[in-house]
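Trainee: Take a look at the following structure, please.
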Amino acid sequence: MAAPPYPFSQQASFNTGAAPPNAPYTNPQSKIELKISCRNLVDLDVFSKSDPFCVFYMQGATKGSWREIGRTEVIWDNLNPDFVKSFIVDYFFEEQQVVKFEIYDADSDSRDLSQHDYIGKLVTSVGSIVGENGGRIKHQLQVPSAKDFERNDKYTRKSPGTIIGMIY
Ligand SMILES: [Ca+2]
Ligand SMILES: [Ca+2]
């Protein structure tokens, strides 16, 4: 009596451990435009209101290394600014892209951030902005830590205000 032929699956099956041929395509990417507003910012000026601007960073390869992407304009004497200048971000669906927003009260026209009063910050990720409430986040700004103030000794322990980020 002849042995029954091997079932086809057993004959053809071997596992090389390699990725399946139809692995997810690499790093799909899209550009998003992010606009920033703030509400109820703390007033750090004595004779007028704070003059806010926002600095936007992306985290580098090592944790805690930040690359500045851009800054908004200064909106003078306004605790509820809607910044006109937006930030353009390359969004990679499959990467954790950590970002940081810092809000300052401008006290001069210097580019040096230690020349301005630090109002507050928010650390989040691009994915959470895209994923939350149809592209709109609203968070309390975090009080900057002492470490954020190597040269700038004037800061507040008061609630700094709220930041709103919207994707266009
Ligand atoms: Ca002012
Ligand atoms: Ca000021």
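If you use full-length UniProt numbering, the sequence shown corresponds to residues 1 to 168, in order. The C-beta atom is built at its ideal place from N, Cα and C for all residues, glycine as well. For clarity, every value in this text was computed on a predicted model and none was experimentally measured.
1. Got a sec, what are the start and stop residues for the beta strand (DSSP E) VAL89 sits in?
2. To the nearest whole angstrom, what separates the beta carbons of GLY120 and VAL143, a pair I think is in contact under 8 Å?
3. Which of the three DSSP states, helix, strand or coil, is assigned to GLN96?
4. Among residues of its own chain, excluding the 5 on either side of SER159, which ones have a beta-carbon nearer than 6 Å to its beta-carbon?
5. Could you check if ASP45 belongs to the surroundings of ligand 2, using beta carbon to heavy atom distance under 6 Å?
6. Within the same chain, show all residues whose beta-carbon is closer than 7 Å to that of LYS138, passing over the 5 residues directly before and after it, in chain order.
7. Check each candidate in VAL42, MET58, GLU102 and ASP82 and name the one with the smallest Cα separation from ILE88.
8. Can you tell me whether DSSP reads GLY131 as helix, strand or coil?
9. Between GLU132, ARG136 and TYR118, which lies nearest to ASP148 when the distance is taken from Cα to Cα?
10. Quick check on the DSSP output: the beta strand (DSSP E) that includes ASP117 runs from which residue to which?
11. Is it right to say GLY105 is buried, meaning 16 or more other beta carbons lie within 10 angstroms of its own, or is it exposed?
12. Classify SER114 as helix, strand or coil using the three-state DSSP reduction.
13. Pick helix, strand or coil for LYS147, following the three-state DSSP scheme.
14. Could you check which residue in LEU141, GLU68 and GLN140 has the C-alpha nearest to that of ARG111?
Mentor: Once the coordinates are examined:
1. Segment 87–92, the beta strand (DSSP E) holding VAL89.
2. Yes, GLY120 and VAL143 are in contact; Cβ-Cβ is about 6 Å, under 8 Å.
3. Shown here, GLN96 sits in coil according to DSSP, grouped into three states, outside any helix or strand.
4. There are no such residues.
5. In terms of side-chain proximity, the C-beta atom of ASP45 is found nearer than 6 Å to a non-hydrogen atom of ligand 2.
6. Taken in chain order, the residues that qualify are THR162 and ILE164.
7. If we check each option's Cα against that of ILE88, MET58 comes out closest.
8. It is helical.
9. The option with the nearest alpha carbon to ASP148 is TYR118.
10. Going by DSSP, ASP117 is part of the beta strand (DSSP E) stretching over 117–125.
11. Per the sequence presented here, residue 105 reads as Asp, with Gly not at that position. Using a 10 angstroms sphere on the CB of ASP105, the tally of other CB atoms reaches 16 or more, which defines it as buried.
12. Three-state DSSP puts SER114 in a helix.
13. Note: LYS147 maps to helix in three-state DSSP.
14. The residue from LEU141, GLU68 and GLN140 with its alpha-carbon nearest to that of ARG111 is GLU68.
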